[in-house]
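Structure first, commentary second.
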Amino acid sequence: MSQQKIRKAVIPAAGYGTRFLPATKATPKEMLPLVDKPLIQYAVEEAVAAGCTDIIIVTGRGKTTMEDHFDRSPELEEAVRKKGRADLLNIAISVAKLARISYVRQPEALGLGHAVLMARQMVGDEPFAVILPDDIVDAKGGCLAQMVGAFDETQSTILGTEMVEGDAISMYGCLDCTNHPTNPQLVSVKNLVEKPKPGEAPSQNAIIGRYILTPRIFEMIEQLTPGSGGELQLTDAIKALLQFEKVYGFHYVGKRYDAGDKLGFLKATVELALKHDGLGSAFREWLKTQTF
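With positions in the sequence shown counted from 1, the corresponding number in my numbering is that position plus 45.
Structure (structure tokens):
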């Protein structure tokens, strides 16, 4: 059997962003700017860096600004062209050329599993990636690119994971797993536990918002019994997948920021600003002059 490649990435972006109200009352959370780019663009760029050529964004009502962002804007381009700002013109055009981007609507917010299921027709019968734009990962080469390397080795479902300390594991999906015999970044998954109670977690391996999934996951989602609020959870579908296929956790090398949380968003803003090529030095010097 020929080796399969990851060409498509699904980015769920249909949530309401209630934790960021009132900023998200009329602006999608995914369009909130982190330094000088919206959250959704970080996700798209990470997918492209991992070799994905087709991006499927799962949207909902009031999310059309995301589509506008990745489209050409002749009026804007003409305005910056008249000002002689070739640098800004290149930025505006390059965003529209990142990848082939398609959109599918999720009519109701019925869980992450349901959001992924909405992309089934566009994904087709091939493995694909899922990136949650709330999780910003600062990683050499990109977190997803690291995971694609693991997929090339295993040809199996890969879950992005990180080790968390103590009771913090109760905030995450958790892996019951064993070490891989040859690759120290991989663990073999036996079971998944969603937000275990303190002291009851089978490990400190937390699942983050990065997945590489085989197409059988769609069948598993369809067979789920809806949970609270009629939601279909991706974690439950992956647990069902374990009956048929191997699943691995992958310890990426990098730093993750929870940009779906106000404090995490602020931390990401400061730390990424300090690393920014054009802003970092000036921002660092300004911080030194401040008294907090």
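We treat Cβ as the ideally placed atom computed from N, Cα and C, and that holds for glycine.
Q: Check N228 in the structure and name its three-state DSSP category.
A: coil
**Q.** Pair within 9 Å by beta-carbon distance, R145 and T98
**A.** yes
Q) What does DSSP give as the partner residues of K300 in its beta bridges? A) D183
Q: Identify which residue in A327, K320, F337 and A304 has its Cα closest to the Cα of M76.
A: A304
Q: Kindly indicate which three-state DSSP category S273 falls into: helix, strand or coil?
A: Helix at S273.
Q. Out of curiosity, what's the CA-to-CA distance linking T223 and S233?
A. 5 Å
Q. By DSSP, does D81 sit in helix, in strand, or in coil?
A. coil
Q | Backbone CA spacing between G62 and D113 [nearest angstrom] | A | Going by the C-alpha atoms only, they are around 19 Å apart.
Q. If you compare alpha carbons, which of D322, L157 and Q86 is closest to F263?
A. L157
Q. In terms of alpha-carbon separation, which member of G294, E171 and R130 lies closest to I283?
A. Selection G294, E171 and R130 evaluated against I283 yields G294 as nearest (Cα-Cα).
Q: Please decide whether E123 counts as near chain B, where near means a Cβ-Cβ distance under 9 Å.
A: Absent from the structure is chain B; it holds one protein chain and no more.
Q.
By the three-class DSSP mapping on this structure, what secondary structure does I136 have?
A. helix
Q: Just the C-alpha distance for I56 and Y256, rounded to the nearest angstrom, thanks.
A: 11 Å
Q | Strand pairing of F173, partner residues [DSSP] | A | Partner residues in the beta bridge of F173, as assigned by DSSP, are L258.
Q: Measure the C-alpha to C-alpha separation of D132 and T259 and round it to an integer number of angstroms.
A: Cα to Cα, D132 sits roughly 40 Å from T259.
Q.
Can you check which of these residues, H159, K108 and S201, is closest to Q48 by C-alpha distance?
A. S201
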